[in-house]
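Input: a single structure, listed below in structure tokens.
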Amino acid sequence: TDLDKTFLRSDLTISDFSKEIWNQKVKEGFFLSIATARSLKKSLDFLYGLKLDIPLILLDGAMVATANKKAIKINYLDKEITKEILDISKKFNIEPFIVGLKDNSLNEKFLYPKKLNIYQKELISSYKNDNRLRAKDSITPLEKNLKLVYMGDKETLKALKDELKEIFGKNLELKLSDDPYIDCHFLTILHPKGDKAHALEEILNYTNLDTKNLCVFGDSHNDIKMFKKANLSIAVKNAVKELKQEADIVLPHTNDEDGVAKYLSKI
């Protein structure tokens, strides 16, 4: 299941009911995991109290790892291509956040520019006391860059996306979306195999399961490829229209009404 606006409530909590159903289903033999745009550290904070027996899909699919920090698959942008992206984005007078690897133990760095736009300021304010944060006068690439995120108005980000697509083609995974919590858009840049669909292949191989056994839950555009891969795709009531069109089932409940857990409880 996706996390934000799907399994996670809008106040960034998981209800006691959802936790109870999750752990009950794992005990019954279900293989349950998440596929999220969030990092390993943030995801584990939200998922505290849940049985996490199989790997997690993180950072939109750039990383597949277990809850105890064992890497299953990592798809990162190297220093050279990341520098090219940063140089191009300077023409648009915009700098990204970069989430990358600090070391081989999957500890992360979160780089952000000291000069923040209003949307970035709002996001950073919610990351207080996060030891991954590093403020930079100017953003420079890491050796292993898992994810670049630009925040701003739709027109600027679309122009940047179009230019990057023209230059790099299929060598980048580019996603332009509405931010679910802040009134802006964000452009996510990943390795070409850093998406949820490719990461699902790693999960299926790890668990020796087939796509005929795969059911996925989601709410937004970055879940579409995942929906196309699954045997059964389920959208929460609050999902975007484009995802609902791809879904086999649209739930009568939203993420704030524990839609995923209510569905699981009836299986």
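Each residue of the sequence shown is one higher than the last, beginning at 1289 in this note's numbering.
Positions of the beta carbon are idealized from the N, C-alpha and C atoms, including for glycine.
What span of residues does the beta strand (DSSP E) with I1477 cover, start to end?
Reading the sequence shown from its first residue, position 189 is the one you call residue 1477. Here the beta strand (DSSP E) through I1477 covers 1473-1478.
Count the other CB atoms, across all protein chains shown, that sit within 10 Å of the CB of P1540; report buried if there are 16 or more and exposed otherwise.
Working through the sequence shown from its first residue, we reach residue 1540 at position 252. The residue in question, P1540, is exposed, as its Cβ has fewer than 16 Cβ neighbours within 10 Å.
Just to confirm, is the Cβ distance from A1487 to V1352 under 7 Å?
For the purposes of this step, residue 1487 is identified with residue 199 of the sequence shown, where counting begins at 1. For the purposes of this step, residue 1352 is identified with residue 64 of the sequence shown, where counting begins at 1. Cβ distance < 7 Å, so A1487 and V1352 count as in contact.
Considering only their Cβ atoms, is the gap separating L1452 from G1388 smaller than 7 Å?
Locating residue 1388 in the sequence shown gives position 100, counting from the first residue. Locating residue 1452 in the sequence shown gives position 164, counting from the first residue. No, Cβ-Cβ distance for G1388 and L1452 is not below 7 Å.
When you compare the CB positions of D1511 and F1305, do they come within less than 7 Å of one another, or not?
Position 223 of the sequence shown, counting from 1, holds the residue named residue 1511. Position 17 of the sequence shown, counting from 1, holds the residue named residue 1305. Cβ distance not < 7 Å, so D1511 and F1305 don't count as in contact.
Is D1304 helix, strand or coil by DSSP?
Along the sequence shown, read from residue 1 onward, the residue named residue 1304 stands at position 16. Helix, per DSSP.
Inter-stretch contact at 8 Å, needing at least 3 Cβ pairs: the stretch 1483-1498 / the stretch 1453-1460:
no
Using only CA atoms, which one of K1378, I1427, S1426 lies nearest to L1445?
In the sequence shown, the residue the question calls residue 1445 occupies position 157. Ranking the options by Cα distance to L1445, first place goes to K1378.
Out of I1406, E1410, L1374, point me to the one whose CA is closest to K1449's CA.
Your numbering for residue 1449 matches position 161 in the sequence shown. For K1449, the nearest C-alpha among the options comes from L1374.
Three-state secondary structure (DSSP) of I1386:
Counted from its first residue, the sequence shown places residue 1386 at position 98. Strand, per DSSP.
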